[in-house]
Every structure is written in structure tokens, then in C-alpha cells.
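Taken in sequence, the protein lines are chains A and B.
Per our numbering, the first sequence runs over residues 93 to 317.
Per our numbering, the second sequence runs over residues 94 to 344.
Read the structure below first, then the notes.
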Amino acid sequence: MTRIRFHQELDELKHRILAMAGMAEQAIDLAVQAYSLRDLALCKRVLDNESAINRAEREVDELAIDLLAMQQPMAVDLRFILAVIKINADLERVGDQAVNIAQRVMNMIELSATDLPVDIPAMAGRVRAMVRDALRSFIEGDTELAKHVLEADDEIDRMNHEAFAQLSRCMQTKPDSAAQALDALSIARNLERVADHATNIAEDVIFWVRGADVRHGAGHSFAGS
Amino acid sequence: MATAVDVRDLKAWFGKTEALHGINIAIESKHATAVIGPSGCGKSTFIRCLNRMHETNPEATADGEVKIGGDDIYAMPAVDVRRRVGMVFQKPNPFPTMTIYDNVAAGLKLNGSHKRRTLDEAVEHSLQKAALWDEVKDVLKKKSGASLSGGQQQRLCIARALAVKPEVLLMDEPASALDPISTAKIEDLIFELKQQLTIVIVTHNMQQASRVAEFTGFFLMGNLVEFDRTEKIFTNPSDKRTEDYITGRFG
């Protein structure tokens, strides 16, 4: 009863989701680089790449649904496919956040450059590390690394709150910079959302590998143990 | 929940070959329990021990304790055991020369019931329980059991088993020779029947096990590797061997 073809298709599904992950990760990298360099061409690359991410999302979903319908997966295979479907949606949203950041950067480029009391590259560095670790935990099935990702999210939330406080104050004290501050505020918010998606991916990895549902702070095991 | 079948340290042999190595399991009353595992793992031997069918093979012996409703099956006549624990096999086996009516009434007659009215009522009741009544009520005494389709024959065999009002119904791959529609009818039937009796079903079809059974036991090489709620077995089994089997990594 060994199911060689089915397991080859599971490998194919993993390859496809990893290819999509690469695209989403690159989109965030480009958007953050565009912010640091005030580079319009990089912004446009992020916008141009979005359709490829969307296409990849549909292809991964189609393959996952085919496997569910045709192969009736069980246990770890079932959990893997369910995790892939959810990770797929999270990666597509990461791509959307990259587009949002790129659009805000395009706004900022049209405005004069100004010093803002927020370190977007530092926050972006932390967020990119979370995404990278979440994806590595998926590639290696490493639940310990996935747990580190969950823990890292609190720090990103703190940075986002701090950015909000600082930039709100800046808008009141330096009205000339209000438009730029508003864009930076949105970018901080977008990065915080990317971190949330990385957290979701890490939770899905734990679900896949351990069968444990750790969403929303829950630690209970899946399926009635 | 009550235990319908309590099995302690059950061992079974064919000649000198030990086929079951000490099975312990408590089967819940009025639920369906699926028994899965690769060919030769001992799952059919296991259920055949539950109504002393195993010992009908002259080479076969068994040891250990099996209690049905608290009664030791080795302390009562085998005929009584088989009345309390019915069995349905992979291949429908109606008595070919008997009418549909006589097929269902056969078990009752063997147990000494000969009153016409009692038999009529029992036959109708059993055929209704087996979801076959509407299809055969007009030809009960005209057609033989063998004239029915494969799916109908299997439901006839279920009706025959139900006629003697068993507490437990053993089903050894009851749908593996049937088309999808007949299979669905058998599965619906299992769902209905377990309101009133306990079902133990051996199946190679894991989707079937997951559809019909609340509990599932995985057998491997004469051992019960894992026994748990079905959703646990099929989503997150505790034993790597169970996971490898149900995900098709061996077997």
C-alpha cells in the first residue's frame, strides 16, 4: 500500500510553496530596500512581482485541493496539506504587505526627505528574520525554531507601538513632516502585519509536525489526546 | 460508557504459529470500532476469536479472556456465543437454495423458534433494520437469497445476523466486494445499527473506518499497536508505526 506517487506529489507541493515563499520574502526585502534608498524602481519591481505571487498562490491551492480530493491524506500528510493551504494564504498576504509598503514609499519619494523618529530598517530587519526563521522551521520541520518565531512577535508589537507613539508626537510637533510620518506609520504597521503572518506560519509548522494547535496562546494537543 | 467486549491477554495460534500475541482491548458498547492493519496482521483472527469462530479451524487454538457483556465466552456453549455475537463476512453468503424469508428465519429456527407469527415479525423487523425490507417485501417467499444483487445479499446476511438479536455484530470487510452505492448503504446501516448494538468492523478501507467508527485499533504482526478514538488515529496517531501505515509509508 505504499503510496509513492502521492508522496512525490507532497514533495512537489512543498517545492511550490517554498518557491512562493522565496517570492514573498524577496518582495519584503525589495520594499524595505526601496524605503532605505528611496528607490522608485525597486518599488515598481515589488508591484510588478505581485501577480506572480498571486498566481503561485492559486497553483499551490489547486494542487493541495487535488491531493485532498484524490488521495484522502491521513495524519501527518493531512496536517501537512492543511498547513500548506494556510501558509499559502499567509505568504500571499505577505506579498500584499510588501505592495502596501512599496506604495507608501512611492508617496514618500514624492515628498521631501525628512528625519523621522522611527528606525524602520531595524524593525524590518527583525521582521525579515522572523519570516526567514518561520520558513526555515517549515523546511526543516523544526518546532523549536517555530517557537522562537512566536516569542519574537512580542518584540515586533512593542516596536510598532513605540513607532506609533513617536510618529504621532512627531505629527503634532512637526506638522510639516506629518505626511511622511503618516507613511512611516503605515509602513511600521505593515511590517507588524508581516510579523503576524510569520507567527501564523510558525503555528502551522507546529500543527503539522506535532499535531498541536498553539494558536491564540493555546497549547492543547490536536484531536482529542 | 459501558464495555461490550472485554479482551484480556488474548493469544491465538494456527498450529504452532502464534498469530495474536496477547491482545488487550475494551470495546465500547453501542459504538462502532474499526480494526485496521496490513494483510496477515491478525485482525480477522482477532474478531473470529470474539465469537469462537477461530476454534472452528481444527489447527487453531486460543488462550486468554474474552467477555461479552461481562460473561466469559469460553464458559458458555459456542452456539450461545454466536447468537450473542453475530458475524458478517466479506463475501455475502446467503443460503443459496433458501428463500429470502427462510434465510432470515434460519437462525431463529435453529434457536428453536417455529411460531409462524413470531417468525414473520422477526423477519420483517430484521429486514427493516438491514434496510432491505422495501426492496424485497413482495418477493420474500418467491425469490432465493442468491437471486439478489451483491449489495442486497450482504444486507440479507446482516438481516440474518440481526434476527437473533445479537449484542455485538462482527463485520469482516463487509463492503469490500460491493460497489460504492451498496457500500454507502452498508455504512449508513452501521450508523443506524450502532444505536442498538456494538459493531466491530475489520476494514482495509481507512476512509471507511474513519467514516463509520468512533474507535479504531491498529494491528501489526499480531499485536494491537494502538487503540484510540478514530479522529485521533487518523489525524495524530501516537505511534510512528500507525502513522507510517495510515499514510501509506509501508504496508
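The beta-carbon is built from N, C-alpha and C at its ideal position, and this holds for glycine as well.
For residue i, three-class secondary structure by DSSP
| i | result |
| --- | --- |
| H312/A | Bear in mind that a pLDDT of 46 at H312/A, under 50, signals an unreliable position, so the model cannot answer this. |
| V318/B | strand |
| M180/B | strand |
| A270/A | helix |
| E152/B | coil |
| L262/B | strand |
| H342/B | Checking the sequence shown, residue 342/B turns out to be Arg, not His. Coil at R342/B, not helix or strand. |
| S132/B | coil |
| K333/B | helix |
| D173/B | helix |
| F188/B | coil |
| G163/B | coil |
| T296/B | coil |
| G200/B | helix |
| R145/B | coil |
| S137/B | helix |
| L277/A | helix |
| K104/B | strand |
| D99/B | strand |
| H206/A | One detail in the question is off: residue 206/A reads as Thr in this sequence, not His. T206/A falls in the coil class under three-state DSSP. |
| A127/B | strand |
| A304/A | strand |
Endpoints, alpha helix (DSSP H) assigned at residue i
| i | result |
| --- | --- |
| G244/B | 243-256 |
| G187/A | 167-202 |
| E142/A | 132-163 |
| L122/A | 96-129 |
| G217/A | 212-232 |
| I279/B | 273-286 |
| D246/A | 235-265 |
| T211/B | 209-222 |
| R231/B | According to the sequence shown, residue 231/B is Asp rather than Arg. Looking at the DSSP string, D231/B is not in any alpha helix (DSSP H), and its letter there is neither H nor E. |
| K235/B | From DSSP, K235/B is part of no alpha helix (DSSP H); its letter is neither H nor E. |
CB of residue i within 8 angstroms of CB of residue j, strictly
| i | j | result |
| --- | --- | --- |
| A97/B | T291/B | yes |
| D265/B | I120/B | no |
| R281/A | I248/A | no |
| A126/A | L134/A | yes |
| E228/B | Q245/B | yes |
| T328/B | R171/A | yes |
| G162/B | E307/B | no |
| L259/A | A273/A | yes |
| T291/A | D245/A | yes |
| L54/B | R248/B | The requested residue 54/B is not part of the displayed model; chain B covers only 94 to 344. |
| A119/A | V138/A | yes |
| I283/B | A125/B | yes |
| F312/B | G130/B | yes |
| V297/A | S204/A | no |
| R39/A | D275/A | Residue 39/A falls outside the range modelled here, since chain A spans only 93 to 317, and no answer is possible. |
| D135/B | G315/B | Correcting the residue identity first, residue 135/B is Gly in this sequence and not Asp. Yes, Cβ-Cβ distance for G135/B and G315/B is below 8 angstroms. |
| A216/A | V124/A | yes |
| A175/A | A226/A | no |
| E142/A | V186/A | no |
Extent of the continuous beta strand (DSSP E) to which residue i belongs
| i | result |
| --- | --- |
| H82/B | Any question about residue 82/B goes unanswered here, given that chain B covers just 94 to 344. |
| G310/B | 308-313 |
Residue environment, residue i, which counts as buried when at least 16 other CB atoms sit within 10 Å
| i | result |
| --- | --- |
| G205/B | exposed |
| E243/A | exposed |
| H147/B | buried |
| A289/A | In the sequence under discussion, the amino acid at residue 289/A is His, which differs from the Ala named in the question. Its Cβ being crowded by 16 or more others within 10 Å, H289/A is buried. |
| P324/A | Past the boundaries of the shown model lies residue 324/A; chain A is included only from 93 to 317, so the question cannot be answered. |
| V172/B | exposed |
| T335/B | buried |
| A315/A | Its pLDDT being 46, under 50, A315/A is placed unreliably in this model, and the value from its coordinates should be taken loosely. A315/A comes out buried. |
| T276/B | buried |
| E285/B | exposed |
| K222/B | buried |
| E271/B | Correcting the residue type first, residue 271/B is Leu in the shown sequence and not Glu. With 16 or more other Cβ atoms within 10 Å, it is buried. |
| F343/B | exposed |
| N252/A | buried |
| S331/B | exposed |
| R101/B | exposed |
| Q301/B | buried |
| L317/B | buried |
| Q189/A | buried |
| G243/B | exposed |
| G133/B | exposed |
| R176/B | buried |
Distance cut-off 7 angstroms: residue i Cβ against heavy atoms of the ligand NAD
| i | result |
| --- | --- |
| D265/B | As presented, the structure is devoid of all ligands, the ligand NAD included, so that no description of it is given. |
TODO: Name, going along the chain, the residues of the region 278-299 of chain B whose beta-carbon falls closer than 8 angstroms to a beta-carbon of chain D.
DONE: Going by chain labels, chain D is absent from the structure shown, which instead holds the protein chains A and B.
- [ ] Spell out a yes or no on whether the region 260-277 of chain B and the region 126-145 of chain B are touching, meaning 3 or more CB-CB pairs, one atom from each, closer than 8 angstroms.
- [x] yes
Open item on the list: Tell me whether the region 177-189 of chain B and the region 232-240 of chain B touch, counting them as touching only if at least three CB pairs, one residue from each stretch, are closer than 8 angstroms.
Closed with: yes
Task: Cβ contact check for the region 176-189 of chain A and the region 151-164 of chain A: 3 or more pairs under 8 angstroms - done: yes
Open item on the list: Does the structure place the region 112-132 of chain B close enough to the region 262-270 of chain A that three or more beta carbon pairs sit under 8 angstroms?
Closed with: no
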